[in-house]
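Q: Residue numbers (the numbering used here): 112 to 532. We treat Cβ as the ideally placed atom computed from N, Cα and C, and that holds for glycine. Questions regarding the structure given below will be posed in turn.
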Ligand code: LLP
């Protein structure tokens, strides 16, 4: 459920007309709804209410300072995967003891910055990383709280590029080697083992793979406890999917997910962490774009938009579906027309949708890509020298630009010309 609804024939974000934002900031742009962000966060928080828990928002999904501040004020922790994300979280006001650090390639510098700045835990992904972490901790005279990310060898049944829990993926430590690796960690004076971590993939639309992974986690918790380790915290990763396509695939509800977590892991008495990204931010954002031309091709019509693959790369990168709606509500019963919806970038991959049924549109009309709040703006680039598009946050009847569109000069002047030229 989101807060992007038609009112009197026009699409609104909460109490603000999308057309009003377009008139102020120009197109294309991203717009996020505060009420939707909070609604999704609270749905998860309530789903886990029966257990000691912390929701560490996977900020890779949308790391704008205003989005982070909104969630942090509601009580969220953060899951970070780089020094940049760590510093962004801190700048948004998230205390170090609510930040978990994930990722397979944390550098020594990243580890030093997070450990000295304050951190809830590192989710360690390999033995060499463990050695570096131990060395940095000893050098700083600190003890690093850790979980080890376990690769449970479970098929998440999602797009291959975002599945992470199979043994052939680069993530985590094979569950068969867990005891050995925990013994190694326990012998390192700079580390304190506190729990286990798992994340099997993203955009999962079924609870079964989660349940399989969490059952393995429950068994491993008992085994490691029997080996003498203090396992008090379980980080369950993120990955719960969202409905991208109206009328198709209803992913599990947070409440069902919460009940499953309680059923598989509740008896262990551990503190539960989860790292949802998409489920919190995905349906809380739109990308709004304008039709530049309607072009008649060979047997098909193209809607050429001013937004492109550099602004929203998911369709080109993962063949992802985004619902695209007209900002002016179509008259009831209007006959739909099939369009290929494309951007201006010079490659055929710059296609958002093929043969998509839309109300008849003309140049100048606005369209909105739904479910674009996660992995939209954060994955944008300036390919084709198209400046990054602005981000806007709506709160009731107010809206604010939370990242401005750079000017062409700002974009160009980021380059420097060596003196020999
Ligand atoms: N935790 C870890 C360790 C992760 O690697 C990820 C996502 C998450 C949590 C959050 O997953 P979520 O709840 O958002 O599914 N760019 C892709 C998605 C990549 C996900 C990477 N890791 C997309 O646009 O679909």
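1) Report buried or exposed for residue 528, applying the criterion of at least 16 other Cβ atoms within 10 angstroms of its Cβ.
2) Look at residue 205 and residue 386 and say whether their C-beta atoms are less than 9 Å apart.
3) Could you check whether the Cβ of residue 275 sits closer than 8 Å to any heavy atom belonging to ligand 1?
4) Taking 8 Å as the cut-off, is the beta-carbon of residue 237 closer than that to any non-hydrogen atom of ligand 3?
5) Using three-state DSSP, classify residue 193 as helix, strand or coil.
6) Which residues mark the beginning and the end of the alpha helix (DSSP H) in which residue 151 is found?
7) Roughly how many whole angstroms lie between the Cα atoms of residue 320 and residue 263?
8) Mind checking whether the beta-carbon of residue 190 lies closer than 8 Å to any heavy atom of ligand 1?
9) Looking at the strands, I want to know which residues DSSP matches up with residue 118.
10) May I ask you to list the residues that DSSP assigns as paired with residue 247?
11) Could you name each continuous beta strand (DSSP E) segment of 3 residues or more that falls completely within the segment 407-453, going from the start of the chain to the end?
12) From what residue to what residue does the beta strand (DSSP E) around residue 525 run?
13) Helix, strand or coil for residue 496, going by three-state DSSP, please let me know.
14) Tell me, which residues are paired with residue 262 by DSSP?
15) Could you tell me which residues DSSP puts in a beta bridge with residue 401?
16) Grab the span of the beta strand (DSSP E) containing residue 326 for me, first residue to last.
17) Is it the case that the segment 420-429 contacts the segment 369-384, given that we only count it when at least three CB pairs across the two stretches are under 8 Å?
18) Is residue 103 helix, strand or coil when you go by DSSP?
19) Report yes if the C-beta of residue 490 is less than 8 Å from at least one heavy atom of ligand 1; otherwise report no.
20) Let me check understanding here. Comparing Cα to Cα, which of 429, 439, 472 lies closest to residue 449?
21) Taking contact to mean 3 or more Cβ pairs, one atom from each stretch, closer than 8 Å, check whether the segment 297-317 and the segment 269-279 are in contact.
22) Name the residue from 288, 213, 238, 246 whose alpha carbon lies nearest to the alpha carbon of residue 230.
23) Please state whether DSSP places residue 231 in a helix, a strand or coil.
24) Taking Cβ positions, are residue 255 and residue 302 nearer each other than 9 Å?
25) Per DSSP, which one or two residues make a beta bridge with residue 164?
26) Less than 9 Å between the C-beta atoms of residue 173 and residue 491, yes or no?
27) Rounded to the nearest angstrom, what separates residue 196 and residue 431 at their Cα positions?
28) If you draw a straight line from the alpha carbon of residue 150 to that of residue 515, how long is it in whole angstroms?
29) Rounded to whole angstroms, how far is the Cβ of residue 435 from the Cβ of residue 467, which I believe are closer than 8 Å?
30) At a cut-off of 8 Å, would you count residue 193 as near ligand 1, judging by its Cβ distance to the nearest heavy atom?
31) Ligand 1 and residue 341: does the residue's C-beta get closer than 8 Å to at least one heavy atom of that ligand?
32) To the nearest angstrom, report how far apart residue 224 and residue 469 are at their CA atoms.
33) Determine contact between the segment 158-173 and the segment 408-416, defined as no fewer than three beta-carbon pairs at a distance below 8 Å.
A: On the basis of the data shown:
1) Along the chain shown, read from residue 1 onward, the residue named residue 528 stands at position 417. The residue in question, residue 528, is exposed, as its Cβ has fewer than 16 Cβ neighbours within 10 Å.
2) Residue 205 sits at position 94 when you count from the first residue of the chain shown. Residue 386 sits at position 275 when you count from the first residue of the chain shown. No.
3) Your numbering for residue 275 matches position 164 in the chain shown. For ligand 1, at least one heavy atom lies less than 8 Å from the Cβ of residue 275.
4) Ligands present in the displayed structure are limited to ligand 1, and ligand 3 is not among them.
5) By one-based count along the chain shown, residue 193 stands at place 82. Three-state DSSP puts residue 193 in coil, outside helix and strand.
6) Position 40 of the chain shown, counting from 1, holds the residue named residue 151. 145-158 is the extent of the alpha helix (DSSP H) around residue 151.
7) For this step, residue 320 is matched to residue 209 along the chain shown. For this step, residue 263 is matched to residue 152 along the chain shown. Approximately 10 Å, taken between the alpha carbons.
8) Against the chain shown, residue 190 aligns to sequence position 79. Yes, the Cβ of residue 190 comes within 8 Å of a heavy atom of ligand 1.
9) Counted from its first residue, the chain shown places residue 118 at position 7. Bridge partners of residue 118: 121.
10) Within the chain shown, numbered from 1, the residue matching residue 247 stands at position 136. Bridge partners of residue 247: none, in fact.
11) Runs found: 412-416, 435-437, 448-453.
12) Numbered from 1 along the chain shown, position 414 holds the residue referred to as residue 525. Residue 525 -> no beta strand (DSSP E), and no H or E assigned at all.
13) As a position in the chain shown, residue 496 is number 385, starting the count at 1. Residue state, collapsed to three classes: helix.
14) Locating residue 262 in the chain shown gives position 151, where the first residue counts as 1. Answer is 285, bridged to residue 262.
15) Against the chain shown, residue 401 aligns to sequence position 290. Per DSSP, 477.
16) Numbered from 1 along the chain shown, position 215 holds the residue referred to as residue 326. The continuous stretches of beta strand (DSSP E) do not include residue 326, which lies in the alpha helix (DSSP H) extending over residues 319-337.
17) no
18) The structure shown does not extend to residue 103, since the chain is modelled only from 112 through 532, so no value can be given for it.
19) The sequence position of residue 490 within the chain shown is 379, counting from 1. The answer is yes for residue 490.
20) On the chain shown, position 338 is the one that residue 449 refers to. Closest option to residue 449, Cα to Cα, is 472.
21) yes
22) On the chain shown, residue 230 is found 119 positions in, with the first residue counted as 1. Among 288, 213, 238, 246, the Cα nearest to that of residue 230 belongs to 213.
23) In the chain shown, residue 231 corresponds to position 120, counting from 1. The answer is coil: DSSP assigns residue 231 none of H, G, I, E or B.
24) In the chain shown, counting from the first residue as 1, residue 255 sits at position 144. In the chain shown, counting from the first residue as 1, residue 302 sits at position 191. Yes.
25) Residue mapping note: residue 164 aligns to position 53 of the chain shown, counting from 1. Bridge partners of residue 164: 383.
26) As a working note, residue 173 is residue 62 in the chain shown. As a working note, residue 491 is residue 380 in the chain shown. No. Outside cutoff.
27) Position 85 of the chain shown holds residue 196. Position 320 of the chain shown holds residue 431. C-alpha separation (whole angstroms): 25 Å.
28) For this step, residue 150 is matched to residue 39 along the chain shown. For this step, residue 515 is matched to residue 404 along the chain shown. Distance between the alpha carbons of residue 150 and residue 515 is about 26 Å.
29) The sequence position of residue 435 within the chain shown is 324, counting from 1. The sequence position of residue 467 within the chain shown is 356, counting from 1. Contact annotation, residue 435 with residue 467: C-beta distance approximately 6 Å; criterion of less than 8 Å satisfied.
30) Counted from its first residue, the chain shown places residue 193 at position 82. No, since every heavy atom of ligand 1 falls outside the 8 Å radius drawn around the Cβ of residue 193.
31) Locating residue 341 in the chain shown gives position 230, counting from the first residue. Not so, every heavy atom of ligand 1 lies at least 8 Å from the Cβ.
32) Along the chain shown, read from residue 1 onward, the residue named residue 224 stands at position 113. Along the chain shown, read from residue 1 onward, the residue named residue 469 stands at position 358. Each residue's alpha carbon lies about 50 Å from the other.
33) The segment 158-173, when compared against the segment 408-416, does not touch it at the 8 Å Cβ threshold.
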